[in-house]
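In full-length UniProt numbering, the protein residues as written are 1 to 506.
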């Protein structure tokens, strides 16, 4: 057995030209080499080779657990994966143990294999117990797949650590109003670098925005409204709570801004990026007016409503995205629009006192059978903002350049990423940059696709086994970890699904 293992590792060493002259070393071969050299040889192997070598003998098993081996693979794979990058560290990389780095790498590779396998691949499924009913606007799976954020019916925010065997809820943000009231909530997470200074440069924080509307109380006998509706917008910085600089124990949040807004509107969409929040709403003053509002939250903190707002009348959307270059993207029904925020009128008057002059988009398009509820992104990459969406022909990609453009010249480009006859399904779908997850008939479908500036195999879509797919209503997915949080049709039952991870037996 030992002789066979030496032969195996010598063959692996031949893959590394600099170290190939070590193959003939005597008397006992590789196992007699200094640990540092064995580690250098192991760093040249792929992840599956390392797991095989680990099973050959005790010495090589210990070498395969060395931190430099998995740090090398972590750096290699994170640099080889086309952006957007799949991993946002929750602590400095130098504080990751060998086992933690190995877990991250194996999760990436297991997901990569899982997405590619054609056929009915069973998923690892775990129940997730939540109290109350939750909708898609109130759930977010943080990139990396570990942290699930959920807005409770009273407007408070809870989080779940999905890396533990039985996730439980932890409080992150308290209720905005009296605890017993019901709140309609929209949540947006901004993972971009912090504008007000991430001094250590470790990207260990992100911003979370909430748009919270308190429902009016009704008299149980007359059913008349006996209390006013209230609306509040909050911005929080979320950071990772570690234990003595090593393991991460949980999350905590600090409020950066909180300000009221008039409640004469029914909010339809909400987005946070950088210093700005945007929300799309129907304002009712005798006649309904569709309008989107953009606010610099850093200057709106407090109880006063006399803060500056940019108004874009007619910019209605169930999907709303703030983009580089002071632009706002909206999608509604079968239409998409792009607006220039610099030309939008600005006023400190609240919506009830504003005249809502119509604002013309700088670009617009229509798509038949376009489902605006299932627009992805945006993904900020290659000096552009990119979206994935679905119409009657399949999956489409939209590329909006960051640079200014005149009319259609050099402007947004729409292209077909994956032709799919099942794309007209009304069941929920969610799309990442290269992969998606959706429900069709009795299957969960896993589409994969490439962009025109990438090389690789053509897009495909295949089915996997799933937990009652016809009853799935909400999907939150992290494409690079291969993990998804699913809510079923009653909005009370939830589960976590993963591609089976390869065990490293660390």
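From the three backbone atoms N, C-alpha and C, an ideal C-beta is built for every residue, glycine too.
Close Cβ partners of residue 24 (< 7 Å) along its chain, the five nearest in sequence each way excluded:
Note that residue 24 scores a pLDDT of 42, beneath 50, so its modelled location is shaky and nothing firm can be said.
Anticipated Cβ contact below 8 Å, residue 317 with residue 332, distance rounded
Contact holds; Cβ gap of about 5 Å.
What is the residue span of the alpha helix (DSSP H) that residue 162 lies within?
Neither: residue 162 is in no alpha helix (DSSP H) and is coded neither H nor E.
Per DSSP, what kind of secondary structure is residue 325 in: helix, strand or coil?
coil
In chain order, what residues of the same chain have a beta carbon less than 8 Å from the beta carbon of residue 472, not counting five sequence neighbours either side?
Short of 8 Å from the beta carbon of residue 472, and not among the five residues preceding or following it, lie these beta carbons of its own chain, in chain order: 427, 428, 439, 444, 466, 486, 487, 488 and 489.
Residue 124 versus residue 477: straight-line alpha-carbon distance, rounded:
14 Å
Collapsed DSSP secondary structure at residue 57 in the structure displayed
coil
Please return the same chain residues whose Cβ sits closer than 7 Å to the Cβ of residue 509, not counting the five positions on each side in sequence.
Nothing can be reported for residue 509, as the shown portion of the chain is limited to 1 through 506.
Which of helix, strand or coil does DSSP assign to residue 391?
strand
Residue 508 versus 35, 37, 71 and 38, residue with shortest Cα-Cα distance:
Only positions 1 to 506 of the chain appear in the structure, and residue 508 is not among them; the question remains open.
Need the endpoints of the alpha helix (DSSP H) that residue 273 sits in, please.
From DSSP, residue 273 is part of no alpha helix (DSSP H) but of the beta strand (DSSP E) over 265-273.
Residue from 272, 279 and 493 whose Cα sits closest to the Cα of residue 262:
Of 272, 279 and 493, the residue nearest in Cα terms is 279.
By how many angstroms is the C-alpha of residue 353 removed from the C-alpha of residue 250?
44 Å
Which residues in the same chain as residue 39 place their Cβ atom closer than 7 Å to its Cβ, once the five residues preceding and following it in sequence are excluded?
The beta carbon of residue 39 sits closer than 7 Å to those of 63, 66, 68 and 69, all from its chain and outside the five residues before and after it, given in chain order.
Beta-carbon separation (whole angstroms), residue 312 vs residue 344, contact threshold 8 Å
5 Å
Heavy atom of the ligand FMN less than 7 Å from the Cβ of residue 45, yes or no?
No copy of the ligand FMN occurs in the structure displayed, which carries no ligand at all.
For residue 436 and residue 447, which I take to be in contact (beta-carbon distance under 8 Å), what is that distance rounded to the nearest angstrom?
With 8 Å as the limit, residue 436 and residue 447 qualify as a contact, their Cβ atoms being about 5 Å apart.
Decide if residue 232 is buried, meaning its Cβ has at least 16 other Cβ atoms within 10 Å, or exposed.
buried
C-alpha distance - residue 106 paired with residue 165, whole-angstrom precision
17 Å
If we count the other Cβ atoms within 10 Å of its Cβ and call it buried at 16 or more, is residue 34 buried or exposed?
exposed
Taking all protein chains shown into account, decide if residue 310 is buried (16 or more other Cβ within 10 angstroms of its Cβ) or exposed.
Residue 310 sits buried, since 16 or more C-beta atoms from the chains shown fall within 10 Å of its C-beta.
Can you check DSSP and say which residues form a bridge with residue 376?
In the DSSP assignment, residue 376 forms no beta bridge with any residue.
Selection from 359, 172, 238 and 306 that minimises the alpha carbon distance to residue 328
Looking at 359, 172, 238 and 306, the one whose alpha-carbon comes closest to that of residue 328 is 359.
Measuring only the C-alpha atoms, how far is residue 110 from residue 474?
24 Å
Could you check the C-alpha separation between residue 104 and residue 362 for me, to the nearest Å?
43 Å
For residue 240, which residues in the same chain have their Cβ closer than 7 Å to its Cβ, ignoring the five residues on either side in sequence?
Hits under 7 Å: 90, 91, 204, 248 and 251.
Determine the contact status of residue 211 and residue 236, defining contact as a CB-CB distance below 8 Å.
no
Cβ shell of residue 61 (< 6 Å), same chain only, five flanking positions each side left out:
54
Can you name the residues that DSSP bridges to residue 95?
Answer is none; residue 95 lacks a bridge partner.
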